[in-house]
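If you read the sequences in order, they're chains C and D.
Per this note's numbering, residue 1 is the first one in the first sequence, and the count goes up by one each step.
Per this note's numbering, residue 1 is the first one in the second sequence, and the count goes up by one each step.
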Amino acid sequence: MDPTLHTRRAFLRTTFLGAAASLTLPVFLQKTFAAMDAEAIGSATQTATGRDGRVLILLQMAGGNDGLNTVIPYLDDAYYRSRPNIGLARGEVLDLDGTLGLHPRLAGLKTLYDEGALAIVRGVGYPNPNRSHFRATEIWQTAADADRMEAHGWLGRYFDHCCPGADPAAAIAIAQSLPQAFLARSPAGITFDTPENYRWKAAGQDPAADALFQHFNPETPGELTPPGELGAADFLRRTALDAQLSSRAILDISRRAPGAASYPKTRLGRELGLISRMIAGGLPTRVYYLSQSGYDTHSGQANTHGRLLGELSDALLAFARDLRAQGNFGRVTLMTFSEFGRRVQENGSNGTDHGAAGPVFMVGGGVRPGQYGRQPSLTELTNGDQRFNVDFRSLYATVLERWLEAPSLPVLGRQYPLLPVI
Amino acid sequence: MLPPLPPSLWDRACAAHLLNRAGFGGPPAEWEALWELGPQGAVEMLLRGVEDTAQFPRPAWAEPEDEVAWRATLKPLDEETRQARQQERRKRHERELRELVAWWVGRMARTPHPLREKMTLFWHGHFATSANKVRQPYYHWLQNETLRHHALGNFGELARAILRDPAMLLYLDGTRSRRNRPNENFAREVMELFILGIGHYSERDVREAARAFTGYKVSPSTQAYEFLPKQHDDGVKQLFGKRGRLDGDAVIEILLGRPSCAPFLARKLCVFFVCEEPPPALVATVAQELVRQRFELAPTLRTLFCSRAFYEPAVRGNQIKSPVQWVVGTARLLQAPPPGEARLFSLLRQTGQLPFHPPSVKGWDGGRSWITTSTLLARYNAAPALLGGKGLPAASPLFAEAQATSGGDLMTLGEAASRHLFQNADAACEAAATYLAHHPATAATWGRLLQLLMSTPQYQLA
Numbered sequence: 001m002d003p004t005l006h007t008r009r010a011f012l013r014t015t016f017l018g019a020a021a022s023l024t025l026p027v028f029l030q031k032t033f034a035a036m037d038a039e040a041i042g043s044a045t046q047t048a049t050g051r052d053g054r055v056l057i058l059l060q061m062a063g064g065n066d067g068l069n070t071v072i073p074y075l076d077d078a079y080y081r082s083r084p085n086i087g088l089a090r091g092e093v094l095d096l097d098g099t100l101g102l103h104p105r106l107a108g109l110k111t112l113y114d115e116g117a118l119a120i121v122r123g124v125g126y127p128n129p130n131r132s133h134f135r136a137t138e139i140w141q142t143a144a145d146a147d148r149m150e151a152h153g154w155l156g157r158y159f160d161h162c163c164p165g166a167d168p169a170a171a172i173a174i175a176q177s178l179p180q181a182f183l184a185r186s187p188a189g190i191t192f193d194t195p196e197n198y199r200w201k202a203a204g205q206d207p208a209a210d211a212l213f214q215h216f217n218p219e220t221p222g223e224l225t226p227p228g229e230l231g232a233a234d235f236l237r238r239t240a241l242d243a244q245l246s247s248r249a250i251l252d253i254s255r256r257a258p259g260a261a262s263y264p265k266t267r268l269g270r271e272l273g274l275i276s277r278m279i280a281g282g283l284p285t286r287v288y289y290l291s292q293s294g295y296d297t298h299s300g301q302a303n304t305h306g307r308l309l310g311e312l313s314d315a316l317l318a319f320a321r322d323l324r325a326q327g328n329f330g331r332v333t334l335m336t337f338s339e340f341g342r343r344v345q346e347n348g349s350n351g352t353d354h355g356a357a358g359p360v361f362m363v364g365g366g367v368r369p370g371q372y373g374r375q376p377s378l379t380e381l382t383n384g385d386q387r388f389n390v391d392f393r394s395l396y397a398t399v400l401e402r403w404l405e406a407p408s409l410p411v412l413g414r415q416y417p418l419l420p421v422i
Numbered sequence: 001m002l003p004p005l006p007p008s009l010w011d012r013a014c015a016a017h018l019l020n021r022a023g024f025g026g027p028p029a030e031w032e033a034l035w036e037l038g039p040q041g042a043v044e045m046l047l048r049g050v051e052d053t054a055q056f057p058r059p060a061w062a063e064p065e066d067e068v069a070w071r072a073t074l075k076p077l078d079e080e081t082r083q084a085r086q087q088e089r090r091k092r093h094e095r096e097l098r099e100l101v102a103w104w105v106g107r108m109a110r111t112p113h114p115l116r117e118k119m120t121l122f123w124h125g126h127f128a129t130s131a132n133k134v135r136q137p138y139y140h141w142l143q144n145e146t147l148r149h150h151a152l153g154n155f156g157e158l159a160r161a162i163l164r165d166p167a168m169l170l171y172l173d174g175t176r177s178r179r180n181r182p183n184e185n186f187a188r189e190v191m192e193l194f195i196l197g198i199g200h201y202s203e204r205d206v207r208e209a210a211r212a213f214t215g216y217k218v219s220p221s222t223q224a225y226e227f228l229p230k231q232h233d234d235g236v237k238q239l240f241g242k243r244g245r246l247d248g249d250a251v252i253e254i255l256l257g258r259p260s261c262a263p264f265l266a267r268k269l270c271v272f273f274v275c276e277e278p279p280p281a282l283v284a285t286v287a288q289e290l291v292r293q294r295f296e297l298a299p300t301l302r303t304l305f306c307s308r309a310f311y312e313p314a315v316r317g318n319q320i321k322s323p324v325q326w327v328v329g330t331a332r333l334l335q336a337p338p339p340g341e342a343r344l345f346s347l348l349r350q351t352g353q354l355p356f357h358p359p360s361v362k363g364w365d366g367g368r369s370w371i372t373t374s375t376l377l378a379r380y381n382a383a384p385a386l387l388g389g390k391g392l393p394a395a396s397p398l399f400a401e402a403q404a405t406s407g408g409d410l411m412t413l414g415e416a417a418s419r420h421l422f423q424n425a426d427a428a429c430e431a432a433a434t435y436l437a438h439h440p441a442t443a444a445t446w447g448r449l450l451q452l453l454m455s456t457p458q459y460q461l462a
């Protein structure tokens with residue numbers, strides 16, 4: 001059987017929005033679906049999901065993370081020559097293997113590394129790196145070559161190719177606006193900054209207003225034509241229905257008690273806590289996207305960078321603990337990325353300027369722990385920047401093929417070597 | 001030739017449809033007036049428009065900056081001061097860009113020449129250039145003016161103007177293209193996205209054209225286009241069977257003569273003005289018209305807007321409004337200003353069409369891709385902002401007008417609301433009347449009714 005068909009069918013079956021997604025079903029069966037879904041949502045952990053239950057989380061360290069002060073080659077004299085003021089002392093770093101150490105604020109990640117739940121991929125980048133935040137982010141989000149403009153995001157293409165007609169909750173981005181990674185021919189996915197904003201806000205204030213709203217935005221899709229033949233009006237009505245159902249489910253989950261897990265009281269902590277509840281709540285989401293901003297450390301970098309890494313590390317450790325307690329850690333892979341690393345040579349303001357290659361962290365029960373890629377040289381540089389040795393699209397291909405079990409060629413347009421990290 | 005709409009079929013709904021598509025829609029009085037002109041008269045009126053240049057003076061900051069002088073002022077500074085200056089300048093550019101978005105949306109919302117602005121928007125999606133790469137707002141203002149100048153003119157002239165457009169030269173690396181190292185970015189997109197369509201050229205054509213496009217530069221001191229003969233490869237090139245010392249204009253001339261050019265542009269025009277999947281026969285006929293008119297846009301559009309195909313029942317009310325059309329159309333319907341600068345910027349970004357920020361050189365996908373659960377909810381939740389914010393002030397004059405003509409009858413009021421928002425008195429009149437029966441007859445009630453009617457799938461269609 002065509003694997004994409006299989007995925008799609010299994011997807012429709014397990015989705016809590018099955019009722020909305022399969023419009024040809026008679027209404028009573030849709031109700032049964034809805035009841036089953038309500039049950040699944042009510043239970044603490046995900047009901048049987050099997051191979052379809054894998055979740056990918058992308059975390060952007062926005063602004064350009066200083067990878068060299070994140071994973072530190074503390075034996076390399078060139079490091080201290082380039083970073084006389086902001087270099088981290090040998091005694092401070094959290095040693096990984098006798099040559100590399102993590103930033104002292106990454107204690108949580110060090111714990112995960114020691115527990116075998118963290119992989120570090122070094123020297124990730126791409127040819128002819130771009131040093132503009134916007135363009136470099138665009139390149140990472142669309143998986144395009146540096147000199148090509150690609151409209152759709154790599155995850156958008158994944159959904160277009162591998163899960164057409166998927167539930168809108170198949171992808172969720174916690175962001176102000178749709179990240180370009182999700183942009184697609186038929187955009188899938190839900191975007192909200194907080195769940196409270198992902199709803200029709202005028203609801204519940206006036207029964208006559210609610211009645212009028214329901215009149216035009218009915219919750220029973222009864223007479224709609226099957227997907228694929230939808231006219232624009234039907235398509236809009238169906239999207240309105242999907243919006244109401246998914247909004248209710250997400251709000252319901254977000255308002256639940258966070259359980260026993262305790263997260264740091266940072267934005268990242270709150271957002272990962274929400275994602276954990278959404279995973280536990282049985283949303284059919286395959287991909288989550290979130291970002292932590294502030295990494296653009298041109299001056300006085302030490303404090304800012306340390307605080308950001310600390311927040312990242314603490315939140316990721318809490319998240320891993322929480323997922324383990326739920327029994328969901330094995331279903332989840334989280335991958336960080338940053339649009340670029342920073343210049344090797346520190347600048348005159350105790351900061352660093354835009355650079356190129358950098359490290360990527362991967363966290364999860366399915367990750368093969370350890371280090372991948374080579375630590376880029378600090379003496380053989382291109383325009384003062386470290387050279388990449390792992391194309392970021394190799395990581396995307398690995399995640400697509402080994403984790404999401406989807407062919408990477410139609411998504412990335414080229415076959416990239418896979419890494420044994422999953 | 002496209003069969004024209006028989007005069008007997010021309011009714012008010014046709015006029016409303018024409019105004020929605022060839023413009024951004026408007027209140028009933030506006031399409032009533034168009035209806036009275038008859039189909040040809042109405043189309044002429046839209047094509048001619050009313051010159052609005054004096055009404056929309058250029059933003060005060062829209063002047064070139066001398067990059068060379070700027071760099072010279074930075075040179076003597078210590079690094080910290082220099083970074084502070086650069087940061088300041090970036091912030092200023094961001095502010096100006098927000099102003100530019102509001103300036104253009106405001107112009108679309110108030111212009112007496114809506115078709116020209118609609119076509120300017122079409123060209124912005126066609127020759128898409130993004131501020132994510134080209135940061136200086138002046139370049140975008142300048143390109144916007146160029147697109148407007150040629151909006152209803154000749155496609156060939158527009159293409160030649162784009163070859164010399166500083167924003168485009170920077171966006172597609174024309175400025176980095178040198179005689180001995182031609183950059184193929186612009187040459188490829190000219191063929192793939194601007195003139196021919198994918199699959200209608202070879203890699204060799206791209207390479208040869210890239211040589212012809214060398215030397216087209218932007219002067220850093222004037223931020224204007226300049227041709228540098230020393231950077232131009234004036235050797236013999238060969239593409240599509242033509243040989244010679246071709247320059248950029250010669251290449252564009254060759255491309256315009258290729259058989260795929262007219263169908264490619266015709267299809268884009270049909271998708272923009274008619275429907276998401278235009279019938280091949282319609283595209284072919286519009287393409288013939290383009291060729292017959294030597295790529296003059298106004299006469300081609302005249303034929304399209306007068307055609308029977310344009311007014312087919314399946315075409316009408318079946319186009320998903322782009323976010324810009326939705327904001328501008330609402331402003332025109334309500335005769336109220338669009339939301340303020342900051343709100344407007346975030347609203348258009350949230351709903352997926354921030355002018356000057358297309359996702360790539362391919363422009364926006366449009367059609368159904370405008371609508372996701374998130375963008376639809378964002379549109380629903382933005383209805384109060386489009387009605388003027390707190391208290392929904394934009395509804396007041398409309399209420400006074402409806403009250404005066406209805407004599408307070410609820411069904412008549414419901415019809416008025418429905419007609420105003422949906423160009424169709426029946427679409428919502430009963431539901432609206434039921435709502436009104438539960439509330440006092442005040443402007444505030446009317447405002448909330450309009451807000452509700454805008455929070456519907458129907459309102460996203462034109």
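Just so it is clear, CB atoms sit at the ideal spot from N, CA and C, and this is done for glycine as well.
A residue is called buried when at least 16 other Cβ atoms come within 10 angstroms of its Cβ; residue 438 of chain D does not meet this threshold and is exposed. Around the beta carbon of residue 440 of chain D, fewer than 16 other beta carbons sit within 10 angstroms, so the residue counts as exposed. In this structure residue 208 of chain C is not in contact with residue 138 of chain D, their Cβ atoms being roughly 51 Å apart against a cut-off of 8 Å. Take the alpha-carbon of residue 179 of chain D and the one of residue 225 of chain D: they are about 17 Å apart. Taken in chain order, the unbroken stretches of alpha helix (DSSP H) that lie wholly in the region 362 to 438 of chain D and span 4 residues or more are 373 to 386, 395 to 406, 410 to 422, 429 to 437.
Taking all protein chains in view, the Cβ of residue 50 of chain D is surrounded by fewer than 16 other Cβ atoms within 10 Å, so the residue is classified as exposed.
The three-state reading of DSSP puts residue 354 of chain C in strand, counting E and B together. Put simply, of D:194, D:101, D:20 the residue whose alpha carbon is nearest the alpha carbon of residue 363 of chain D is D:194. When secondary structure is reduced to three states using DSSP, residue 385 of chain C falls in the strand class.
Setting aside the 5 residues that flank it on each side, residue 109 of chain C is surrounded in the same chain by 102, 118, 313, 316, 361, each with a C-beta closer than 7 Å to its C-beta; the list follows chain order. Spanning the alpha carbons of residue 366 of chain C and residue 374 of chain C requires a straight line of approximately 22 Å. If you check the CB distance, residue 248 of chain D and residue 236 of chain D do not come in under 8 Å. For residue 5 of chain D, the closest C-alpha among the options D:311, D:66, D:145, D:93 is that of D:311.
The C-beta distance from residue 175 of chain C to residue 193 of chain C rounds to 7 Å, short enough to meet the 8 Å contact threshold.
When rounded, the separation of the alpha-carbon atoms in residue 330 of chain C and residue 67 of chain C is 27 Å. Pairing residue 133 of chain D with residue 89 of chain D, the inter-Cα distance amounts to about 16 Å. Judged by beta-carbon spacing, residue 405 of chain D lies beyond the 8 Å limit of residue 394 of chain D, meaning their Cβ atoms are not closer than that value. When Cβ-Cβ separations below 8 Å define contact, residue 168 of chain C makes contact with chain D. The alpha-carbon separation between residue 263 of chain D and residue 165 of chain C amounts to approximately 31 Å. In the three-state reduction of the DSSP assignment, residue 71 of chain C falls in the strand class, which pools E and B. As for any beta strand (DSSP E) of minimum length 3 sitting wholly inside the region 282 to 347 of chain C, the runs are 287 to 293, 332 to 337, ordered along the chain. Rounded to whole angstroms, the gap between the alpha carbons of residue 424 of chain D and residue 400 of chain C is 49 Å. Residue state for residue 296 of chain D is assigned as strand, using DSSP reduced to three classes. Interface flag for residue 461 of chain D against chain C is set, since a Cβ pair is found closer than 8 Å.
Contacts between residue 380 of chain D and chain C, judged by CB atoms closer than 7 Å, involve 200 in chain order. Contact check for residue 273 of chain C against residue 288 of chain C fails: the beta carbons are separated by 8 Å or more. Residue 311 of chain C is classed as buried because its beta carbon has at least 16 other beta carbons within 10 Å across all chains shown. When CB distances to chain D are screened at a threshold of 8 Å, the residues of the region 317 to 350 of chain C falling below it are 347, 348, 349, in chain order. Using a 10 angstroms sphere on the CB of residue 418 of chain D, the tally of other CB atoms reaches 16 or more, which defines it as buried. Of the candidates D:462, D:44, D:116, the residue whose Cα lies closest to the Cα of residue 420 of chain D is D:462. Annotation: the continuous alpha helix (DSSP H) that includes residue 141 of chain C extends over 133 to 142. DSSP places residue 447 of chain D within a helical segment (H, G or I) once states are collapsed to three. Contact annotation: residue 374 of chain D and residue 213 of chain C have beta-carbon atoms that are not nearer than 8 Å. Residues of chain D with a Cβ closer than 9 Å to the Cβ of residue 266 of chain C do not exist; the shortest Cβ-Cβ separation is about 24 Å.
For residue 388 of chain C, there are no C-beta contacts with chain D under 7 Å, since the nearest C-beta of that chain is about 21 Å from it. Contact annotation: residue 322 of chain C and residue 261 of chain C have beta-carbon atoms nearer than 8 Å.
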